[in-house]
Structure formats: structure tokens, C-alpha cells
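In what follows, a structure is listed as C-alpha cells, so that the remarks can point back to it.
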Amino acid sequence: MKYAGMIIWDWNGTLLNDVDICLDCINHLLESRNHPKLIIEKYKQIFTFPVQDYYVKAGFDFSREPFDIIAMEFIDLYRQKLPLAKIFPETTEVLNVFKRNHYRQVMISAMEHNSLINSVKEKGLENYFDIISGIGDHFAVSKLENARNIIAQLGSEHNNTWMIGDTCHDFEVANDLGLNCLLVANGHQAYDRIKNSDCQVVEDLRETIRFFKLNHLEIKKY
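The opening position of the sequence shown corresponds to residue 266 in our numbering, with each subsequent residue numbered one higher.
Okay, here's the thing in C-alpha cells:
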């Protein structure tokens, strides 16, 4: 099959709406240490990669308690709550549009690999993706190497390859690899933050299709 191009999807905050459970988890950790809790607006202004930097902005002091301990406590809570997170309502529709228009679709994530596979399967979406690739631990440092390995393995042309995510880190990864990037502003970072990255930004997942059409990209079948 001749592909129209390749979409490299992010999972958390892009296709899976896990923002609320992430906020609940971090607030549980903060409250248990007598730190002020975050409101959603503050969370979206400080969330970043590597997440260690975000934890500092949230109020944790690694001179008093190691990052690894805090991070694993967060992951344990997150695992418990993850089944409650739902995919965005338009996720399946959008994946189907790209599939019908012959885009190869893969996924990379800063989520631990086995947890990512299980999460995608639980939502019944695994068959949309040629490759699903998480990282080797739970510390969410970067997904740059995952993306580089997928590009090398599948050999897609960079001008026909798009990374679609919800954070400035997705844009950084795309820039490092010379890829196109589109950010969706309904995830873990506020609209003004990702807009200031100079990346193309849409407000919700369904707008990705309109964006591709307006830019004369290969979207014909619905």
C-alpha cells in the first residue's frame, strides 16, 4: 500500500483524557505533605518534561525526599485511577479518518511501555497503530529516542510525517527529528503555553482533520 504519510500520536492528553486523574494524583501527594494543592489552571501552566522539573514547580523538595520515591508513589496512584480515564469523544472518529485516507499511524509516549500497551488495548484502539512505543521506566524523561527509532524502522519521509501531541515536548521532539508537528490544546498544557512554542495549534482533536484539509494535505474520505 502507498501511504499518504505517517502520524506519530501521543497518548496521554492527546487521545486519552487523563488530565483530571493526573491532577487528582499530584494533589493527593501534595496534600499528604502539607503542600498547597494545584488547581487545573496552575497545573496546565507548570506541567512539563522531564516531569522532575514539574514536581519542583508543584512544590516538592528533593533535598528532603528523593524524586524516585515521590514519582513511584504518583505512579501507584495513577495506575489505580487509569481505568477511569476515557479517550476524548472524537478519538475513534479521527483515527478512522486518517486510516481511511491511508495514513500510517504509530504511537509514542513517555508512559512506561507495558502500561501504555495495556491502556491502549483496554480502550480497544490497538489495531489503529502499526507500532506502540512507551519508555522503559516510569520517570517520563523523554520520548525522543522512541520517535527516532520508529522513523528509522519505518523509513517515512519527514515532510509527510506529523507528530500530534499536547505538549511543548512533542514539538521539541518533532523539531529534533525534522518532523512536522501539530499540538492539540485540550491536554496537559495550557493553550497559551503551547501557542508560544511557535507550533501549529488546534483547540480540540477533531480540528486536526480541518487543519489537514486547509493545508491541502491528503484528507479526502470521511
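Each residue gets a CB set at the ideal place from its N, CA and C atoms; glycine is no exception. All figures in this text were calculated on a predicted structure; none of them were measured in a lab.
L470 is a Cβ neighbour of E355, given a cutoff of 7 Å. Taking 7 Å as the cut-off, the beta carbon of V466 is found closer than this to the beta carbon of I459. Spanning the alpha carbons of L409 and Y268 requires a straight line of approximately 23 Å.
In the DSSP assignment, Q465 falls within the beta strand (DSSP E) that extends over 465 to 467.
Looking at the DSSP output, G430 sits in a beta bridge with L448. For A350, the three-state secondary structure derived from DSSP is coil. Approximately 7 Å separates the beta-carbon atoms of S398 and M372; this is inside 8 Å, confirming the contact. Taking C-beta atoms under 8 Å as the contact rule, V362 and I474 qualify, at a distance of about 5 Å.
Short of 8 Å from the beta carbon of K302, and not among the five residues preceding or following it, lie these beta carbons of its own chain, in chain order: N292, L295, E296.
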